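Student: Residue numbers (our numbering): 100 to 382. All C-beta atoms in this analysis are idealised placements derived from N, C-alpha and C, irrespective of residue type, glycine included. Here the structure is a predicted model, which means the values were calculated and not measured.
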């Protein structure tokens with residue numbers, strides 16, 4: 100494929116590695132996102148604090164870019180009916196902050212949620228609550244960068260547009276932990292009522308890029324070549340190049356795990372060489 104050219108001001112990064120791959124977790128409907136980083140489970144609204152949320156360790160000082168693929172069904176209690184990772188739609192939710200963890204606003208009940216933490220136990224004051232109602236952030240965002248201790252909507256990890264796209268979740272560089280669980284509440288907006296929740300979700304977590312950010316980023320203006328890859332998110336792809344379209348001698352440039360699709364791979368070595376042609380092969 101003939102390369103696209105990409106021009107712009109780029110921040111220099113020292114790459115640690117392209118991807119730490121995928122992990123699959125089972126997240127039960129009783130997992131209380133507001134218990135993240137604490138030794139006890141809060142339930143200020145009553146109804147029980149449920150169980151501790153799923154913990155995914157991170158490395159501080161790295162830019163972790165996540166995507167999620169989520170399946171399964173949950174319910175707030177027997178007889179309510181089951182629904183998917185986006186929660187029960189049309190239920191106005193405005194959950195108050197709890198013990199240093201932000202609240203959250205949405206038009207859905209019992210959706211999959213996440214929160215990034217440092218090694219410190221969360222303490223008050225909590226960061227502002229994110230609003231995922233359609234009049235604010237909504238649930239069809241393409242990229243979101245939550246703050247530490249700020250609960251965010253995960254759902255099924257896809258936009259709600261006609262062509263559903265994988266959403267990207269960028270962790271703060273000082274984050275050392277990612278928690279996954281549910282945002283459940285009483286009628287008065289206080290977290291709780293976890294004990295009678297039923298069902299679970301299977302969550303495939305992909306960390307698509309990890310990079311060490313220098314203390315003082317350097318800026319440069321260059322013209323780079325690259326290739327647009329469309330394929331299976333999380334799949335392993337070999338990037339090859341050749342200096343001639345008629346040549347059968349393709350050379351391997353690198354291997355990557357596809358963080359999202361479509362994905363534009365930039366060859367930062369292309370400015371030092373002549374013409375290049377690229378191809379991507381699934382492994």
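Exposed or buried, which one is residue 233 when buried takes at least 16 other CB atoms within 10 Å?
Tutor: The residue is exposed, with fewer than 16 neighbouring Cβ atoms inside 10 Å.
Student: Per the DSSP calculation, residue 376 is bridged to which residue(s)?
Tutor: In the DSSP output, where bridge partners are listed per residue, residue 376 has 341.
Student: On the three-state DSSP scale, how would you describe residue 133?
Tutor: Of the three classes helix, strand and coil, the one that applies to residue 133 here is helix, per DSSP.
Student: How long is the line joining the alpha carbons of residue 155 and residue 165, rounded to whole angstroms?
Tutor: When rounded, the distance between both Cα atoms is 12 Å.
Student: Going by the CB atoms, is the gap between residue 150 and residue 272 shorter than 8 Å?
Tutor: Not closer than 8 Å, so no.
Student: Would you mind sorting residue 184 into buried or exposed? The rule is 16 or more other CB atoms within 10 Å of its CB.
Tutor: Residue 184 is buried by the Cβ-count criterion.
Student: With DSSP as the reference, identify every bridge partner of residue 127, one or two as the case may be.
Tutor: 299, per the DSSP bridge assignment.
Student: Can you check whether the CB of residue 250 is closer than 8 Å to the CB of residue 201?
Tutor: For residue 201 and residue 250, yes; Cβs fall inside 8 Å.
Student: May I have the straight-line CA-CA distance separating residue 310 from residue 365, to the nearest angstrom?
Tutor: Low local confidence applies: a pLDDT of 46 at residue 310 is under 50, so the model's placement there is unreliable, with the coordinate-based value given in what follows. Distance between the alpha carbons of residue 310 and residue 365: 15 Å.
Student: By the 10 Å Cβ neighbour count, where 16 or more other Cβ atoms means buried, how is residue 191 classified, buried or exposed?
Tutor: Classification for residue 191: exposed.
Student: Going by DSSP, which residues form a beta bridge with residue 242?
Tutor: Its beta-bridge partners are 267.
Student: Which residue's Cα is closest to the Cα of residue 367: 360, 353, 181?
Tutor: Closest option to residue 367, Cα to Cα, is 353.
Student: Cβ atoms of residue 187 and residue 207: under 8 Å apart, would you say?
Tutor: For residue 207 and residue 187, yes; Cβs fall inside 8 Å.
Student: Which class does residue 188 belong to by DSSP, given the choice of helix, strand or coil?
Tutor: Residue state, collapsed to three classes: strand.
Student: Comparing alpha-carbon positions, which option in 378, 347, 284, 242 lies nearest residue 264?
Tutor: The shortest Cα separation from residue 264 among 378, 347, 284, 242 belongs to 242.
Student: For residue 170, is the classification buried or exposed, using 16 other Cβ atoms within 10 angstroms of its Cβ as the cut-off for buried?
Tutor: Label assigned to residue 170: exposed.
Student: If you pair each beta-carbon of the region 340-348 with each one of the region 286-306, do three or more pairs fall below 8 Å?
Tutor: Counting Cβ pairs under 8 Å, fewer than three are found: no touch.
Student: Mapping the DSSP letters down to three states, classify residue 262 as helix, strand or coil.
Tutor: Note: residue 262 maps to coil in three-state DSSP.
Student: When you compare only the Cα positions, how much space is there between residue 313 and residue 306?
Tutor: Because residue 313 carries a pLDDT of 46, less than 50, the predicted location of this residue cannot be relied on, and the following value inherits that uncertainty. Their Cα atoms are separated by approximately 20 Å.
Student: List the whole-angstrom C-beta distance separating residue 267 from residue 359, where the pair is believed to meet the contact cut-off of C-beta under 8 Å.
Tutor: About 6 Å; that satisfies the 8 Å criterion.
Student: Using three-state DSSP, classify residue 118 as helix, strand or coil.
Tutor: Residue placement at residue 118 is flagged as unreliable, the pLDDT there being 35, under the threshold of 50; the coordinate-derived value follows with that caveat. Coil at residue 118, not helix or strand.
Student: Need the endpoints of the beta strand (DSSP E) that residue 206 sits in, please.
Tutor: Per DSSP, residue 206 belongs to the beta strand (DSSP E) from 203-208.
Student: Could you check how far apart the C-beta atoms of residue 221 and residue 136 are, in whole angstroms? I think they sit under 8 Å.
Tutor: About 5 Å separates the two Cβ atoms, so the contact holds.
Student: May I ask which residues mark the beginning and end of the beta strand (DSSP E) holding residue 278?
Tutor: Note, residue 278: beta strand (DSSP E), 276-281.
Student: Could you tell me the distance, in whole angstroms, from the CA atom of residue 433 to the CA atom of residue 369?
Tutor: Nothing can be reported for residue 433, as the shown portion of the chain is limited to 100 through 382.
Student: Where do the N-terminal and C-terminal ends of the beta strand (DSSP E) with residue 173 fall, by residue?
Tutor: Its beta strand (DSSP E) spans residues 161-174.
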